[in-house]
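Structure, as structure tokens:
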Amino acid sequence: MTRPWFWIVVLCIAWSVPLIKSLGAEYPDPPAGVERAAEIVALNDADGLPVTLANLKGHLVVVHSLDLAQPQATEADFVAFREMRDRLRGLGSSVVHIILCAGGDAEQVVALIDSKTARRPGNLFLLDPGWKTRTRLRTGCANEEPALILLDRHGRRRGDFVRSPEDLDRFAQTISLLANWLGSDPEPGTAIHR
């Protein structure tokens, strides 16, 4: 009973029981929206370069909005954006943040990005004059004024969320499921693999 191989075998058996149980577990239901058509977004970034969702294929996209006409709201929204970005840091480069900016021009956006040191590859600040794109993305949302809209790797809207703790937890669960289980995010016209 004091031989090390005996205890190694006991530990291996003890650790394999949960693994064997999990192999027979059901996958959770994928987030709604797999049957939707891809959203079409074509805007210019703060540097004047055109950006489309087709350029971002293969990334999960989180859409935020920033109203430059209201400085206090801009500051609060930017703090909320940073908190969300930090919360999703573990997902790495599979997530891209699109920040729709209105109420200002490209120079204001560049000044804001530089003052907040927010110029990173996963952050795209896009100019949305008159909130046309934000309004189009919000049509059909469950929430009237969603703070976040989640698009999957193929540009389909997979959820909209407000900044309540319950909704942010639901957002984290949804984006983690999409990021870690590719079967929940199939190509358009393909069935979900369980």
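Everything in the sequence shown is counted per my numbering, starting at 417 for the first residue and increasing by one. Ideal placement from N, C-alpha and C gives every residue a C-beta, glycine not left out.
- Burial is judged here by how many other beta carbons sit within 10 angstroms of a residue's own beta carbon; Val457 has at least 16 and is buried.
- Arg579 sits away from Ala485, with the two beta carbons spaced by 9 angstroms or more.
- It is roughly 5 angstroms from the alpha-carbon of Pro562 to the alpha-carbon of Phe577.
- Membership of Asn596 in the alpha helix (DSSP H) is indicated by the continuous run 581-596.
- Taking C-beta atoms as the reference points, Ala534 and Gly464 fail to come closer than 9 angstroms.
- A residue is called buried when at least 16 other Cβ atoms come within 10 angstroms of its Cβ; Pro444 does not meet this threshold and is exposed.
- Between the C-alpha atoms of Arg569 and Ser438 there is a straight-line separation of about 27 angstroms.
- Taking the Cβ atoms as the reference, Leu567 lies roughly 7 angstroms from Arg574, within the contact range of under 8 angstroms.
- The residues Ala458, Leu459, Asn460, in chain order, have a CB closer than 8 angstroms to that of Pro466 in the same chain once the five nearest residues on each side in sequence are set aside.
- When the alpha-carbon of Ser592 is set against those of Pro604, Thr490, Gly519, Gly506, the nearest one is in Gly506.
- A check of alpha carbon separations from Arg501 across His513, Thr490, Pro545, Cys428 identifies His513 as the nearest.
- The C-beta distance from Leu564 to Val479 rounds to 7 angstroms, short enough to fall under 8 angstroms.
- The Cβ atoms of Ser481 and Ile515 sit closer than 9 angstroms to each other.
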